[in-house]
Amino acid sequence: MHDPFGDEDEGEAGGIVDLVIEDERWADADLYGMSERAALAVGEWLGLENFQVVVMGCDDERIAGLNAEFRDKPRPTNVLSWPAIEFDERAPGARPLLPDIDELGDIAISFDTCWREAEAQGKPFADHATHLLVHAMLHLAGYDHIDDQDAETMEDAERSILGKLGIPDPYLELET
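The sequence shown maps to residues 1 to 176 in this note's numbering.
Next up, the structure:
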C-alpha cells in the first residue's frame, strides 16, 4: 500500500490508532480520543478484535493536495481513507466480508472542512468529527456508498455505531 502520509513525524501510538498531527488544532480538539472511541465502536460493531488504523489530522491545504493526488479532485474535502486491501465486488447493499488483516488502512481528516460543516449543520464539532471517523473506518472495512443500496447499508451501520456512542443520527436533518 502506498503511504499517503510520507515520512511525517508520528504522533501518539495506541492499541488501535496511530495518530499523526499536522494541524495542532486537532491536538486541542482531542483527535486521539475521538479516533480511539470511534475505532473501538467500529471494531465492536464489525466484530473485529485486533486491528489498527492510522489517522492524520490536517488542514484544508494538506487534504486538498491528497485529494488531488489520489482522487484527481484538487479541492479540500472532509475526510479521505485508504484501505490496506482491495475488496472484492459484492451484491449492492450487501455487507462486505470482514478483512483478515491487522492494519485496516489510513485516514486523513481536515479540521477546516470539518469545522465548517459542523457549524453549518449546527452540530457539535466532536460529534461531526467522530461521525466522519466512523464513516472513514467503515470505508477501510470495505463499505462504500457508490450506489443507493450500498449507501443505505453504510448509513445504517453509521447510525448504529454512532447511536452506541450517544451521537444523534447525522442523516436525520439531511433527510427532512
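Built from N, CA and C at the ideal position, the CB exists for glycine as well.
These numbers were taken from a predicted model, which means no experiment stands behind them.
| Item | Value |
| --- | --- |
| Rounded to whole angstroms, what is the Cα-Cα separation between residue 16 and residue 160? | 20 Å |
| Quick check on the DSSP output: what are the complete alpha helix (DSSP H) runs of length 4 or more inside the region 56 to 104, in order along the chain? | 60 to 71 |
| Verify whether the separation of the beta carbon atoms of residue 67 and residue 46 is less than 8 Å. | no |
| Find out if the Cβ-Cβ distance for the pair residue 23, residue 65 is shorter than 8 Å. | no |
| Compute the Euclidean distance between the alpha carbons of residue 31 and residue 42, then round it to the nearest angstrom. | 16 Å |
| Mapping DSSP to helix, strand and coil, what is residue 156? | helix |
| In angstroms, rounded to a whole number, what distance separates the CA positions of residue 87 and residue 156? | 20 Å |
| Between which two residues does the alpha helix (DSSP H) harbouring residue 138 extend? | 125 to 140 |
| Straight-line CA distance for residue 69 to residue 63? | 10 Å |
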